[in-house]
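Numbering (the numbering used here), first residue to last: 3 to 352. Structure first, then comments.
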Ligand SMILES: [Zn+2]
């Protein structure tokens, strides 16, 4: 569809113009003589009436019901990448946050409200990760389609069993995630399960393209399973490695790779460490055999780096999501980079 919508549809659809010299510059489009265009169009009509009809819709706007891409609002970049992989040209994705932003703390800007108002489908982590901003956006956007409970709202973390569900709900315990730890995207097995459910959801909200979602979903699952096997075999040396987390973001990653989370630099979620707490940490974590300190790209690197300098334990910045690091360009390279950085940190140890 997108390729057809050029200023001159015949050029891109039919390849380089046959008449006249072909320009050496790939970007130069030559408008074929009218005759060529007419011959091409009638050939198309004979060859594929359906395609030609579609071409007519695009060029001449013959029908007001021309198919348009599903408008998707993704709260975080990992879901934007996933839905792009699953939806292809059938989805048009807006990402509300970047990998360098703290997804717990986003401002409900008017630009985000405007985007949500136009969305057919919103994909968020859910499980209260966006509790500080998404309810405001949903209220202000007043878009019935994407309200929680409707098919147009998909909460990724709520599709799977969450870890670290608090026994006691008390704000004195910090910025606690009452529903459990929502940072599920750090385990690719979670992404696999979420992808399957998201495929079903895409079919629910855009039945006309069900076959495409079905096929893309199956292709994704095959590629993803192969990638998991690759990551797991590369990450074998990380099994049993003790880590210190800056924020409690890595429980799913640690469980997947068999790493042990020994402590967090934040004494309570969202609460920065006091000097007393840090002092205690500095003596405890080497004694407990911590080998890596991990923190997300969006986080303040100073506390983990301070702990690293004092203990000699390498502090590793991990992308946490797509765009957190330059190498993490999509959900696949997110894990390539995460595993690569952990292994590099392990071999960099003194
Ligand atoms: Zn959190």
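Heads up, the beta-carbon is just placed ideally off N, CA and C, and yes, glycines get one too. Please read all numbers here as calculations on a predicted model, not as lab measurements.
Can you tell me whether residue i is buried or exposed? The criterion is at least 16 other CB atoms within 10 Å of its CB, across all chains shown.
i, result
"residue 349", "exposed"
"residue 83", "buried"
"residue 187", "buried"
"residue 157", "buried"
"residue 26", "Note that residue 26 scores a pLDDT of 31, beneath 50, so its modelled location is shaky; the value from the coordinates is reported in the next line. So residue 26 counts as exposed."
"residue 250", "buried"
"residue 203", "buried"
"residue 311", "exposed"
"residue 284", "exposed"
Less than 8 Å between the beta carbons of residue i and residue j, yes or no?
i, j, result
"residue 288", "residue 313", "yes"
"residue 162", "residue 196", "yes"
"residue 179", "residue 254", "no"
"residue 246", "residue 295", "yes"
"residue 77", "residue 99", "yes"
"residue 346", "residue 339", "no"
"residue 144", "residue 164", "no"
"residue 88", "residue 222", "yes"
"residue 74", "residue 121", "yes"
"residue 79", "residue 327", "no"
"residue 292", "residue 320", "no"
"residue 244", "residue 290", "yes"
"residue 194", "residue 233", "no"
"residue 229", "residue 334", "yes"
"residue 131", "residue 150", "no"
Which residue comes first and which comes last in the alpha helix (DSSP H) that contains residue i?
i, result
"residue 282", "277-289"
"residue 347", "333-349"
"residue 253", "253-259"
"residue 103", "That residue, residue 103, is in no alpha helix (DSSP H); it is neither H nor E in DSSP."
"residue 234", "212-236"
"residue 141", "136-143"
"residue 192", "190-207"
Between residue i and chain C, is the shortest Cβ-Cβ distance under 8 Å, so that the two count as touching?
i, result
"residue 75", "Note that chain C does not occur in the displayed structure, where there is just one protein chain."
What span of residues does the beta strand (DSSP E) with residue i cover, start to end?
i, result
"residue 324", "Looking at the DSSP string, residue 324 is not in any beta strand (DSSP E), and its letter there is neither H nor E."
"residue 95", "93-97"
"residue 247", "244-247"
"residue 82", "First-last for residue 82: 79-89, but that is the alpha helix (DSSP H), not the beta strand (DSSP E)."
Please list, in chain order, all residues of the same chain as residue i whose beta carbon is under 6 Å from its beta carbon, the five residues on each side excluded.
i, result
"residue 258", "189"
"residue 248", "267, 297, 301, 306"
"residue 160", "128, 129"
"residue 240", "259, 261, 344"
"residue 148", "121, 124, 154, 155"
Here's a check: name, in chain order, each residue in its chain whose Cβ is nearer than 7 Å to the Cβ of residue i, leaving out the five neighbours to either side.
i, result
"residue 139", "110, 114, 115, 118"
"residue 107", "134"
"residue 92", "71, 72, 208, 211, 214"
"residue 95", "74, 76, 82, 85, 86"
Might you give, ordered along the chain, the residues of its own chain that have their beta carbon closer than 8 Å to the beta carbon of residue i, omitting 5 neighbours on each side?
i, result
"residue 279", "269"
"residue 218", "87, 88, 89, 90, 201"
"residue 166", "179, 182, 183, 250, 253"
"residue 102", "299, 300, 325, 326"
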